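Be aware that the first sequence starts at 1, since it is given in full-length UniProt numbering, and climbs by one per residue. All C-beta atoms in this analysis are idealised placements derived from N, C-alpha and C, irrespective of residue type, glycine included. Since the structure is predicted, the reported quantities are computational estimates derived from the model, not experimental observations. Single-structure report; data block below.
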Amino acid sequence: MIGRCHDFRFCVFHGRHRGGGGFDEDEDAYLVPSDWEDDDDDEDWNAGGTSGRRARDLQKNLTASRGAKGAAASSSGKGKTASKQQQKQQQRAGAANTDDDDDDDEDGNDSMLMNLKDCRDMQLKPQHTDRPIWVLPDGHIYLEASSPYYHQAYDFLVAIAEPVSRPEFVHEYKLTPYSLYAAVAVSIDTDSIVKVLNRLSKTPVPDSVETFIRACTVSYGKAKLVLKHNKHYIESPFPEVLRELLKNPTVSQARLGEEEEEEVAPPPKTGGTNKTAAAGGAAASGAGSAATAAAAAAGGARGGGGGARGGAAGDGFTLTDAPQEMDVNLEYKELAREGDGDDADPDVMMGTQPGGALKNVAFRVKNSEVEHVKKAANDMEYPLMEEYDFRNDTLNPPLKIDLKANTRIRAYQEKSLSKMFGNGRARSGIIVLPCGAGKTLTGVTAASTIKKSCLVLCTSGVSVLQWKYQFQLWTDIAEKDISCFTSDIKEAINEEAGVLITTYSMISFAGQRSEIAKKIIDTITKREWGFMLLDEVHVVPARMFRKVLSVCNAHCKLGLTATLVREDDLISDLNFLIGPKLYEANWMDLTQSGYLANVQCVEAWCPMTAEFYSEYLKPGVTARQKQLLYIMNPNKFRTCEYLVRTHMERNDKVIIFGDNVFSLKKFATILQIPFIYGATPESERSRILGTFRVNPLVNCIGLSKVGDTSIDIPEANVIIQISSHFGSRRQEAQRLGRILRPKSNVDGGFNAFFYTLVSTDTSEMYYSSKRQQYLVDQGYTFKVVTDLANASDRSQSKLPDRKSELRVLQETLMAKTDQEEKDEKKMLDRDMDDIGEGSARGTVMRRKGNLGALSGADGSRYMEYDSRPPPKKHPLFKSRYVKM
DNA sequence: CATTGTGCAA
DNA sequence: CACCTTGCACAATG
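Put into structure tokens, the structure is as follows:
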């Protein structure tokens with residue numbers, strides 16, 4: 001039996017005993033008062049008439065109904081109910097600068113305003129004041145956070161809808177096909193969704209929404225992607241579904257006969273590398289060869305374009321029956337049983353199926369095409385389920401790993417894992433937890449539940465070490481069973497089963513590999529991984545990093561991240577690359593529970609000084625120079641200075657973040673504080689961090705974007721941002737995450753501070769509001785202060801007068817990029833070579849050149865350069881050069 | 001083993 | 001409405 005401390009796994013087992021239903025996902029979990037009348041007359045929805053394809057059109061209609069922006073927004077001024085006014089106010093409060101500009105409610109933010117128009121004629125139901133949510137015809141849902149039934153409704157809504165924005169009083173959610181897939185994936189059936197939604201809603205659920213829900217959920221779970229002997233199969237008890245999928249060219253082209261080799265065949269190195277031959281090895285190989293034989297026949301048939309195998313696979317399509325031998329796995333029986341018991345759904349797909357005897361049919365797809373197939377299937381609204389029945393997997397050797405007896409996991413971690421293991425199997429997906437909320441422990445717990453070979457992917461070498469450390473901290477895994485693989489650590493993998501921790505770039509690296517690396521990569525790609533853990537999963541959609549998913553084969557994938565956002569549009573790719581978002585913690589809930597520090601966010605407005613602003617406005621000033629000017633704005637510096645001084649007096653630990661290295665250096669130098677950036681060697685870094693941690697006299701350090709990731713400073717409780725990477729919401733959230741570690745002085749008030757210094761009337765204002773969006777959606781509010789620069793006493797400042805300001809301005813205008821400096825150096829070296837003798841490389845010549853360059857005769861310098869063949873074709877340099 | 005170069009991500 | 005620098009990982013070099 002399981003130790004009573006492992007509540008989570010306790011739950012998993014019980015979940016299974018209860019017949020595969022999610023253990024806290026059934027309708028009963030969303031209890032509402034029984035005297036609420038159920039006014040949903042489950043009208044019979046005719047599945048036959050509506051195929052899943054309709055969902056997309058419905059979605060279009062839904063969005064179209066949102067209508068023209070401006071008119072709706074202005075006409076919505078007198079929303080009918082008090083709570084809608086409240087919503088609006090709240091929404092506006094979320095945006096930092098609402099006073100003068102009404103137009104800056106952008107993107108998703110305006111939906112609430114528009115929707116007010118749409119629901120004028122909605123009828124309120126009895127007990128509507130008790131019911132916590134509004135369901136609008138466009139699929140948006142609003143939840144009153146003050147409702148006594150908030151928690152029930154919250155649990156339900158996060159399961160079926162995407163959180164859009166969760167400020168203090170009213171939360172906005174949105175129904176999307178993906179969110180509904182995820183809901184069905186965690187075992188909430190369609191009728192329950194509609195029923196509970198209706199019960200919670202103040203107004204009857206609009207027909208459009210119900211239709212949308214049904215259309216989205218009807219085809220979910222009909223087809224499945226499974227991994228067998230390192231080959232991928234699309235499998236379904238419904239031949240019709242497979243036929244449908246095969247109509248898609250992407251899918252049909254990805255199809256592969258059982259015995260066919262993929263073109264990208266690995267080097268012929270078959271000599272016993274496949275180590276699946278464990279305890280059940282004999283049985284496995286027997287089944288394997290039988291399967292191959294059976295499929296070979298099928299493949300032949302397909303080649304001939306002729307006879308269908310199996311009665312169900314007619315219609316000109318030749319389906320490869322799943323060989324009987326493959327059905328030995330319980331997984332299949334359970335699938336069949338589920339389909340059998342699926343009472344509420346007399347599915348059109350099953351029309352020809354003999355009720356009790358569901359047999360799975362399957363066809364193989366190329367491993368290299370899995371990504372595209374999944375995307376295509378998603379687009380067709382037959383999202384492929386990926387579930388791993390790890391308890392009944394006898395093919396892959398088990399891994400000896402258990403949580404230590406004293407390991408405890410928190411309620412929300414357990415909850416997130418319950419979404420993953422809800423029906424006793426492991427489903428692929430993404431868990432979103434804020435920084436410092438224990439993502440690693442969540443991942444480790446998942447790995448020790450599955451107990452199969454586990455591949456962990458991280459973004460950097462240091463986090464590889466951290467993961468290994470955490471595995472050893474929380475579990476009893478043997479030293480021989482866990483290994484790291486980075487450019488400088490190459491540990492041997494356990495042949496049987498083990499945990500391997502590596503980086504994305506290690507796997508996706510395209511260039512020449514060292515011999516030892518080649519060997520390890522080979523074993524990684526050959527192995528059938530039980531579990532793949534993707535740390536910082538928001539990086540995975542990147543062109544190179546997503547390759548890891550086609551290179552490594554895993555039964556189940558779990559992505560972890562704190563910030564599921566990107567500034568490009570690739571984030572939604574994760575839906576088919578990994579799976580649905582299984583759980584997203586609410587930052588404010590965790591703050592209230594004391595798991596996170598209570599952060600006061602402040603945006604400090606710093607007016608530009610006259611000289612800096614006139615430079616800023618000059619025509620022909622490059623974007624980079626403009627950026628430098630608003631960062632180096634003396635009022636910003638003095639604001640920073642003032643904040644540092646103030647927090648020093650409180651004995652706080654302050655981090656100054658600067659994305660731009662030049663300005664960071666300048667600030668740090670003038671303030672006389674240590675700073676770390678990319679070029680700071682490791683020894684120096686740990687020395688500075690060490691003193692910052694322990695020395696009460698060193699309470700302030702500067703960090704470049706090295707601090708955004710991979711530097712952990714639990715002691716810090718104040719952040720001052722002096723410069724940032726444009727509108728990166730991820731950076732903003734990640735920086736805030738640095739001070740989220742709960743602080744000891746919890747007295748209900750703010751115990752951490754997050755300042756962003758913004759030069760007014762510059763593009764920095766725009767970026768700043770963009771950056772804050774993610775945090776605003778998590779419920780943070782930004783307080784705007786305007787007078788800090790003047791509040792500071794000039795005489796105490798290191799930049800007290802106009803003369804010193806002008807000096808800074810001068811330096812700012814002369815600031816060179818690293819690239820420019822390198823080029824200068826190169827050019828100098830070249831000049832030296834031209835002059836001839838190496839001995840002339842003396843100080844005199846070098847100095848002269850340097851001074852000349854610094855004096856700013858840029859144009860001529862580059863012109864001269866032009867007459868020579870370009871020494872290097874760095875694209876960045878090229879464009880700059882062309883400009884001049 | 002410290003540095004350098006390349007390529008990538010954001 | 002895009003902005004383009006900075007940091008990192010990896011392998012190869014002297």
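Pull the bridge partners of residue i from the DSSP assignment, please.
{"i": "residue 362", "result": "235"}
{"i": "residue 163", "result": "173"}
{"i": "residue 752", "result": "599"}
{"i": "residue 703", "result": "657 and 676"}
{"i": "residue 158", "result": "Paired residues: none, contrary to the question."}
{"i": "residue 143", "result": "133 and 171"}
{"i": "residue 529", "result": "554"}
{"i": "residue 758", "result": "605"}
{"i": "residue 475", "result": "403"}
{"i": "residue 426", "result": "388"}
{"i": "residue 721", "result": "657 and 756"}
{"i": "residue 431", "result": "560 and 583"}
{"i": "residue 454", "result": "499 and 531"}
Do residue j and residue i have their beta-carbon atoms positioned less than 8 Å apart in this structure?
{"i": "residue 700", "j": "residue 654", "result": "yes"}
{"i": "residue 581", "j": "residue 429", "result": "yes"}
{"i": "residue 441", "j": "residue 470", "result": "yes"}
{"i": "residue 808", "j": "residue 634", "result": "yes"}
{"i": "residue 798", "j": "residue 670", "result": "yes"}
{"i": "residue 382", "j": "residue 223", "result": "yes"}
{"i": "residue 595", "j": "residue 437", "result": "yes"}
{"i": "residue 178", "j": "residue 575", "result": "yes"}
{"i": "residue 722", "j": "residue 658", "result": "yes"}
{"i": "residue 789", "j": "residue 601", "result": "no"}
{"i": "residue 171", "j": "residue 145", "result": "yes"}
{"i": "residue 399", "j": "residue 453", "result": "yes"}
{"i": "residue 608", "j": "residue 759", "result": "yes"}
{"i": "residue 692", "j": "residue 667", "result": "no"}
{"i": "residue 190", "j": "residue 217", "result": "yes"}
Do you know offhand how far residue i's Cα is from residue j's?
{"i": "residue 778", "j": "residue 167", "result": "6 Å"}
{"i": "residue 221", "j": "residue 402", "result": "31 Å"}
{"i": "residue 578", "j": "residue 542", "result": "13 Å"}
{"i": "residue 710", "j": "residue 734", "result": "11 Å"}
{"i": "residue 142", "j": "residue 573", "result": "26 Å"}
{"i": "residue 148", "j": "residue 163", "result": "20 Å"}
{"i": "residue 482", "j": "residue 766", "result": "47 Å"}
{"i": "residue 349", "j": "residue 565", "result": "Reliability of the predicted coordinates at residue 349 is poor, the pLDDT of 33 falling under 50, and the value obtained from them is presented with this limitation in mind. If I take the Cα positions, the gap works out to 37 Å."}
{"i": "residue 433", "j": "residue 800", "result": "44 Å"}
{"i": "residue 616", "j": "residue 814", "result": "14 Å"}
{"i": "residue 185", "j": "residue 417", "result": "14 Å"}
{"i": "residue 463", "j": "residue 812", "result": "36 Å"}
{"i": "residue 781", "j": "residue 775", "result": "8 Å"}
{"i": "residue 379", "j": "residue 784", "result": "43 Å"}
{"i": "residue 125", "j": "residue 769", "result": "38 Å"}
{"i": "residue 284", "j": "residue 395", "result": "Confidence at residue 284 is low in this model, with a pLDDT of 34, below 50, so the placement of that residue is unreliable and no value is reported for it."}
{"i": "residue 176", "j": "residue 207", "result": "16 Å"}
{"i": "residue 160", "j": "residue 193", "result": "8 Å"}
{"i": "residue 762", "j": "residue 630", "result": "7 Å"}
With a cut-off of 8 Å on the beta carbons, I'd call residue i and residue j a contact; round off their distance for me.
{"i": "residue 524", "j": "residue 552", "result": "6 Å"}
{"i": "residue 544", "j": "residue 508", "result": "5 Å"}
{"i": "residue 505", "j": "residue 475", "result": "26 Å between Cβ atoms; not a contact."}
{"i": "residue 737", "j": "residue 492", "result": "With 8 Å as the limit, residue 737 and residue 492 do not qualify as a contact, their Cβ atoms being about 35 Å apart."}
{"i": "residue 213", "j": "residue 180", "result": "6 Å"}
{"i": "residue 389", "j": "residue 425", "result": "5 Å"}
{"i": "residue 457", "j": "residue 503", "result": "7 Å"}
{"i": "residue 664", "j": "residue 702", "result": "5 Å"}
Problem - Contiguous beta strand (DSSP E) assignments of at least 3 residues, all confined to the segment 570-614 - result: 581-584 and 599-606
Practice task
For the segment 177-260, list the beta strand (DSSP E) runs that are entirely contained and at least 3 residues long, ordered along the chain.
Solution key: 224-228 and 231-236
Problem - Within the segment 478-513, ranges of the beta strand (DSSP E) (whole runs, at least 3 residues) - result: 482-485 and 499-503
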